[in-house]
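Structure first, commentary second.
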Amino acid sequence: MHTPTLNKRAWTHATLLGMVLISSSVRAGSIAETIDRVLMAKEAELIEVRRDLHSHPEVAGEEERTAAVVANRLRNLGLEVQTGVGGHGVVGVLRGDLPGPVVAYRADMDAMASVDPDPVSFASKTPGVRHICGHDMHTTVGLGIAEVLAAHRSELKGTVKFLFQPAEETATGAKAMIKDGALTNPAPTAIFAVHCAPLPTGQFGSWPGMMLPGLDYVQIKLTGEGDLAAAAEACSQVVASVSSTAGLTPDHKNTDALDAAMEPGAFISAGVFASAASDEGWALTAMARASSEAMHARCKQGIEDGLATLELGNVGYELEYTERAIAPVINDATLVARSDEVLRLVGGDTAVVELGETTPFFSEDFSFFQEVIPGVLFFMGVSNAAEGMLGMPHHPMFVADEAAIAIGVRNMSTVLVDFLEGQAPGTP
Ligand SMILES: [Zn+2]
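With the first letter of the sequence shown counted as 1, position 403 gets the number 466 in the numbering used here; the numbers rise by one all the way through.
Structure, rendered in structure tokens:
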């Protein structure tokens, strides 16, 4: 069992340097003392909560049991709790005893369809459903932060609004919660969240600007008397052919004049993930991620043009292109800079990884909250090579290191307190 201890050396070091960005109370460490006390008493219980959630996973839109667990725990901590927000979403409002702003913390709750065996002792009891994106970890970290900040209430300057979100995997939960008023009454002015990542446990990573790309959904329907399977293969090749990366190797098939004009780090990543006979003929579903609006436009144009030039004989096609089915995760640069300082204070210099570029393989509907208020999504390292734990979301071998729960609670509690104090009246 991992027992967290405050990184006293890093704390003292940062205090001596007199970090100008971080609020004085966070530097002085009163929240650190609360965190130590709460984690000492509650870490084992939080791990049990996580194992319970892990063994009872619920897919997007069906998070009834998970939401009940969350709501009960928040009520027991004395939070104002609202259930059924945007589906099975739960909102918990923690009002500090001192005046200050409102900040939001989001944790997603849903699991995924997966038939691969789960190597942990507390494996899923629901056949075909499993937490392989770590949302059980996210939910538990959110509950741990609520424990810490509830214990810190007498010193808390402002309000923390916890958003336990359903249906992230279908990218519908965030929008539904916003529609149901999750960002009003009280209205937070910033939002934070973590997502499990294959970084080593103890490390957090972020990136100002576009952290994760937006996603377009592409559906192609084929009908007619011709060879539908062959036509579907030709359409799949068109979709794949628009994938491009700046700085291609000379033998890459996508090398063309346009690629040379792409900005550094630019990319289009498109591919068909479902292709099968349907009632009407044949249906293909594809996803396309891109590094900018210009690249999204180029992707769409490339698919439209490519399909138009295909010789499909007696097969007709219908293209349905949904732009920004998921918005890009765009982290607020000022909040990233400040919170990175906080994370270094808490965990030392090696606790923060500056990712350096957009991660092209995933999207996250946390982005829809960021369209309303500034926010930061952090990658939370949950890999532990020595223990054989690979924290790669959606990988069949996904296993999260539970030591990351206490670290996530420590890091995010401190970031939230620092944000509130940074904006509270009369705080240096
Ligand atoms: Zn996820």
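All residues carry an ideal CB built from backbone N, CA and C; glycine is no exception.
Since the structure is predicted, the reported quantities are computational estimates derived from the model, not experimental observations.
Around the beta carbon of ASP368, a 10 Å sphere encloses fewer than 16 other beta carbons of the protein chains shown; the residue is thus reported as exposed.
Cβ contact annotation for ILE468 (same chain, cutoff 8 Å, sequence separation greater than five): GLU106, LEU109, ILE110, ARG113, MET200, THR203, VAL204, GLY207, in chain order. The DSSP assignment places 345 to 353, 378 to 389 as complete runs of the beta strand (DSSP E) inside the region 334 to 389, in order along the chain (cut-off: 3 residues). With the rule of 3 Cβ pairs closer than 8 Å, the region 389 to 407 counts as touching the region 472 to 482. Contact annotation: ASP279 and ALA230 have beta-carbon atoms that are not nearer than 8 Å. Taking a 10 Å sphere around the C-beta of HIS117, we find 16 or more other C-beta atoms and assign the residue as buried.
Residues close to ligand 1 by the beta carbon criterion (under 7 Å to any non-hydrogen atom) are, from first to last along the chain, ASP171, CYS196, GLY197, HIS198, GLU231, GLU232, HIS258, GLU427, PRO456. Bridge pairing for PHE432: absent [DSSP]. Straight through space, the alpha carbons of ALA329 and SER355 are spaced by roughly 7 Å. A direct Cα-Cα distance of roughly 7 Å separates LEU370 from CYS298.
Residue environment for GLN228: buried (at least 16 other C-beta atoms within 10 angstroms of its C-beta). DSSP, reduced to helix, strand and coil, places SER307 within a strand of the structure shown. DSSP, reduced to helix, strand and coil, places THR129 within a helical segment of the structure shown. If you look at GLN486, you'll find it isn't in any beta strand (DSSP E); it sits in the alpha helix (DSSP H) that goes 466 to 486.
As for any alpha helix (DSSP H) of minimum length 4 sitting wholly inside the region 119 to 198, the runs are 127 to 139, ordered along the chain. Approximately 5 Å separates the beta-carbon atoms of GLU288 and ASN377; this is inside 8 Å, confirming the contact. When secondary structure is reduced to three states using DSSP, GLY289 falls in the coil class, being assigned neither helix nor strand.
Inclusion of PRO391 and MET273 in the CB contact set at 8 Å is warranted, their separation being smaller than that value. For HIS117, the three-state secondary structure derived from DSSP is helix. Per DSSP, THR222 is one residue of the beta strand (DSSP E) stretching across 220 to 228. Counting only the Cα atoms, ASP395 lies some 10 Å from ILE254. Distance from ILE241 to VAL435 at the Cβ level is roughly 6 Å; contact confirmed, criterion being Cβ atoms closer than 8 Å. Note that the region 212 to 225 touches the region 164 to 181; at least 3 beta-carbon pairs, one per stretch, sit closer than 8 Å.
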